[in-house]
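Q: Here's a structure for you.
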Amino acid sequence: MSVSTSSRRLMVQAQAASGGERRQRRRRRPLLLRDSGQVGAMSRRMVRRVLERNIEERYRAGHIGTEDALHLFDELLQVAGPSSTRAINCLLYVVGRDCPALGVSLFNRVARAKVPPHNVTYSILIGCCCHAGRLDLGFAAMGNIIKLGFAAEAMFSFSHLLRAVCAENKTSYAMDIALRRMPEFNCTPNVFSYSILLKGLCVEKRSQEALELIHMMVDAGGSCQPNVVSYSTVVDGLLKEGEVNKAYSLLCEMLHQGISPNVVTYSSIIFSMCKVQAMDKAEEVLQQMFDTGILPNITTYNSLIHGYYSSGQCEEVVRIFKKMSRNGVQPDIATYNIQMDYLCKSRRFAEARTIFDSMAGKDQKPNVTSCSILLHAYAMEQSFHDMHCLIELMVENGIAPDHSVYNILIVVYAKGKMVDEVMHIFTKMRQQGLNPNAANYGTVINLQYWPNG
DNA sequence: GTAGGGTTAG
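The first sequence maps to residues 1 to 453 in the UniProt record's numbering.
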């Protein structure tokens, strides 16, 4: 399957999403070439060089937004030549980061221009395909990389694919790609590739295999030794599966290798302790962090806040908030969501709504999780009017429903034996590119609802 | 241009 042909639908979607942006962009004056007469006066090559240098400098300084990148892309493509690859990569990366589907469509324009394909350009393209949920296009692009003879240097492209394959819970397949196929192309997996596999195994609750893989890395004794990310990933996986002793042994192995735990390692340990409401132990680890000069961040504090709420120790939550404030750590969206969830579970819906409404003012716009928490509360109360208003608010603010939101709606409709509505939810999910998950099917089965039964 | 920790549904 060729990328340019099979991504046509994606391009149409991207262009529709940008609201005919391209037409508007053409009408705007160029950012750098203020007078088209200048183009005639200066040589094409000189214009190109100025533009390329400007783009690269602004990119390095982090001064290019998506809109700017789109305008600069139009300008650069008019004069682009073989030297433009680096500047084009900067622009593709910026656009693809915000709107991956648009990144794919820009790549197709690059492919038609007189700019030779480059390994980095392809890796950005593959990243866009994967983020747009089009792994098929990502693999098609990898086919092109192999044909062009870039495979040996395609580490970044492989990383994108490995991550996307693992995200589909197909870590065994990702392992086959990394450990068998990549070496066949003389592309040896690096510590990033291994970390992706380790994380994939842990997510699939195969942390024992992750442990074996990390030991395999050590035993191989090559240049690809596990680092703090690899170890923290597996320690986290083991703890989440309740393998506390194995996690502790691995931490000792890490220290023995001369690798010190960092804020992520500590936060992961604190999270596991909070999860089982071992708050005293979590506080001991927190103190150990301070003693070793590693400062907790908002993720660390959120675990503690959640732990104290779950164990009904609200006064301790107040203490943690004060401690956070003293240490200059601001609450983030997850903090507010944890608070809202606690309030909703205590049936204090109005207070939860107050937090929800105040979030935007605190520069923390509610996300799909915030909406899901509130929607669930309304569903429990059978407040259909509030549910309806909240869904409208989500649409207005461009917050796409996720599995959780749909599940709440499935429960509501299934409880009311509203067969057509339940089927409609499943259809809507698929239209949005969301496959109903085990929880969604489980909901229907648990409610003894069966469309043809 | 690639990797790790926290919040929601059943």
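Where is the CB? At the ideal position from N, CA and C, for every residue including glycine.
Does the beta-carbon of residue 127 have 16 or more other beta-carbons within 10 angstroms, so that it is buried, or is it exposed?
A: Buried, by the Cβ-count rule.
Q: Specify, as a first and last residue, the run of the alpha helix (DSSP H) that residue 119 falls within.
A: First-last of the alpha helix (DSSP H) with residue 119: 119 to 131.
Q: Which full runs of the alpha helix (DSSP H) of 4+ residues lie inside the UniProt repeat "PPR" (367 to 401), going along the chain?
A: List check, alpha helix (DSSP H) in window: 368 to 380 and 384 to 396.
Q: Please state the DSSP three-state secondary structure of residue 168.
A: Looking at residue 168 - three-state DSSP - the assignment turns out to be coil, as it is neither helix nor strand.
Q: Is it the case that the region 44 to 63 contacts the region 73 to 89, given that we only count it when at least three CB pairs across the two stretches are under 8 Å?
A: Yes, the region 73 to 89 is in contact with the region 44 to 63.
Q: Alpha carbon to alpha carbon, what distance is there between residue 159 and residue 186?
A: So the two alpha carbons sit approximately 15 Å from each other.
Q: At which residues does the alpha helix (DSSP H) containing residue 209 begin and terminate?
A: 207 to 220 is the extent of the alpha helix (DSSP H) around residue 209.
Q: Select from 345, 298 and 394 the residue whose C-alpha is nearest the C-alpha of residue 376.
A: Residue 345 is the option with its Cα nearest to residue 376.
Q: I need the straight-line Cα distance from residue 80 to residue 114, nearest angstrom please.
A: If I take the Cα positions, the gap works out to 7 Å.
Q: List the whole-angstrom C-beta distance separating residue 210 from residue 234, where the pair is believed to meet the contact cut-off of C-beta under 8 Å.
A: At roughly 5 Å, the Cβ-Cβ gap stays under 8 Å, so residue 210 and residue 234 are in contact.
Q: Since residue 191 and residue 224 are thought to touch, with beta carbons under 8 Å apart, how far apart are those beta carbons, to the nearest angstrom?
A: Sure, about 6 Å apart at Cβ, within 8 Å.
Q: So, residue 100 versus residue 132, is the Cβ gap smaller than 7 Å?
A: In contact: residue 100 and residue 132 (Cβ atoms closer than 7 Å).
Q: Just reading off the alpha helix (DSSP H) that residue 304 is part of, what are its end residues?
A: Looking at the DSSP string, the run of the alpha helix (DSSP H) that includes residue 304 is 298 to 310.
Q: With burial defined as no fewer than 16 other Cβ atoms inside 10 Å of the residue's Cβ, what is the status of residue 27: buried or exposed?
A: Reliability fails at residue 27, whose pLDDT of 43 lies under 50, so the model's placement of it is uncertain and the value that follows must be treated cautiously. It is exposed - the Cβ of residue 27 has fewer than 16 other Cβ atoms within 10 Å.
Q: According to DSSP, is residue 473 part of a helix, a strand, or is it coil?
A: Within the shown structure, residues of the chain are numbered from 1 to 453, placing residue 473 beyond reach of any answer.
Q: Starting from the Cα of residue 74, find the closest Cα among 109, 62 and 63 and give me that residue.
A: Cα-wise, what sits closest to residue 74 is 109.
Q: For residue 270 and residue 328, what's the separation of their Cα atoms in angstroms?
A: Roughly 20 Å between the two C-alpha positions.
Q: Could you please give the first and the last residue of the uninterrupted alpha helix (DSSP H) stretch that includes residue 187?
A: It is not in any alpha helix (DSSP H) - residue 187 carries neither H nor E in the DSSP assignment.
Q: For residue 357, is the classification buried or exposed, using 16 other Cβ atoms within 10 angstroms of its Cβ as the cut-off for buried?
A: Exposed, by the Cβ-count rule.
Q: How is residue 436 classed by DSSP in three states: helix, strand or coil?
A: Residue 436: coil per DSSP, three-state reduction.
Q: According to DSSP, simplified to helix, strand and coil, what is residue 98?
A: Looking at residue 98 - three-state DSSP - the assignment turns out to be helix.
Q: Could you give the DSSP three-state label for residue 134: helix, strand or coil?
A: The answer is coil: DSSP assigns residue 134 none of H, G, I, E or B.
Q: Considering only the beta carbon of each residue, do residue 274 and residue 307 sit closer than 7 Å?
A: Yes, the Cβ-Cβ distance between residue 274 and residue 307 is below 7 Å.
Q: Can you say whether residue 107 is buried or exposed, counting buried as having 16 or more other CB atoms within 10 angstroms of its CB?
A: With 16 or more other Cβ atoms within 10 Å, it is buried.
Q: Just to confirm my understanding: we take residue 396, look at its own chain, exclude 5 residues before and 5 after, and list those with CB closer than 7 Å. What are they?
A: None.
Q: Where residue 168 and residue 48 are concerned, what is the direct C-alpha to C-alpha distance, given to the nearest angstrom?
A: So the two alpha carbons sit approximately 42 Å from each other.
Q: Taking only the alpha-carbon atoms, compute the straight-line gap between residue 408 and residue 372 and give it to the nearest angstrom.
A: Taking the straight line from one Cα to the other gives about 8 Å.
Q: Helix, strand or coil for residue 329 per DSSP?
A: Here residue 329 sits in coil by DSSP.
Q: Thinking C-alpha only, which one of 290, 312, 287 and 333 is nearest residue 298?
A: Taking only the C-alpha atoms, the option nearest residue 298 is 333.
Q: Quick one, which of 286, 204 and 318 has its alpha-carbon nearest residue 335's?
A: Checked all of 286, 204 and 318; the closest Cα to residue 335 is 318.
Q: In whole angstroms, what separates the C-alpha of residue 382 from that of residue 152?
A: About 58 Å.
Q: My guess is that residue 305 and residue 338 are in contact by the Cβ rule of under 8 Å, so how many angstroms apart are they, rounded?
A: Indeed they touch by this definition, with Cβ atoms about 6 Å apart.
Q: What separation, rounded to the nearest whole angstrom, lies between the Cα atoms of residue 405 and residue 389?
A: About 14 Å.
Q: Of all the alpha helix (DSSP H) runs that stay within the bounds of the UniProt repeat "PPR" (332 to 366), which reach a length of 4 or more residues?
A: The qualifying runs are 333 to 345 and 349 to 359.
Q: Between the region 434 to 441 and the region 133 to 152, do three or more beta carbon pairs fall short of 8 Å?
A: Touching, no, given that fewer than three Cβ pairs across the two stretches are closer than 8 Å.
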